[in-house]
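Here's the structure we're looking at; comments come further down.
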Amino acid sequence: MIWDELDSGLAQLGADGLLRRRRTLEAPCGPEALVDGRRLTAFCSNDYLGLANHPALVAAAREAAERWGVGSGAS
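Be aware that the sequence shown starts at 499, since it is given in our numbering, and climbs by one per residue.
Here it is in structure tokens:
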């Protein structure tokens, strides 16, 4: 049955150390991530320029949110 094949396949992947293990990032996303105390290149983020946490951009976003709000609009 298909479930038996899936169970067997997953068990084999686990035995081979090939199952994905999700990890929690320890700092905001950017071009690098701190995972298990190690600094790694982050391929899970679209912040490849490292600007998402730039102080000037954060300040500009804060000012825009205070002026315009944060709700989305539609026509």
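Every residue, glycine too, gets a C-beta built ideally from N, C-alpha and C.
Practice item. Taking only the alpha-carbon atoms, compute the straight-line gap between A509 and L517 and give it to the nearest angstrom. Key: Cα-Cα distance, rounded: 9 Å.
Check your understanding: How should A540 be labelled, buried or exposed, when 16 other C-beta atoms within 10 angstroms of its C-beta is the threshold for buried?
Key -> buried
Exercise for review: Out of L511, G535, V556, point me to the one whose CA is closest to R521's CA.
Suggested key: Comparing Cα positions, the closest option is G535.
Exercise for review: Since I believe P526 is in contact with N551 (beta carbons under 8 Å), could you give me their beta-carbon distance rounded to a whole number of angstroms?
Suggested key: Contact holds; Cβ gap of about 5 Å.
Check your understanding: Near L547, what residues of its chain come up, given a Cβ to Cβ distance below 8 Å and the 5 sequence neighbours on each side ignored?
Key -> Once the five neighbours on either side are set aside, the close Cβ partners of L547 are P529.
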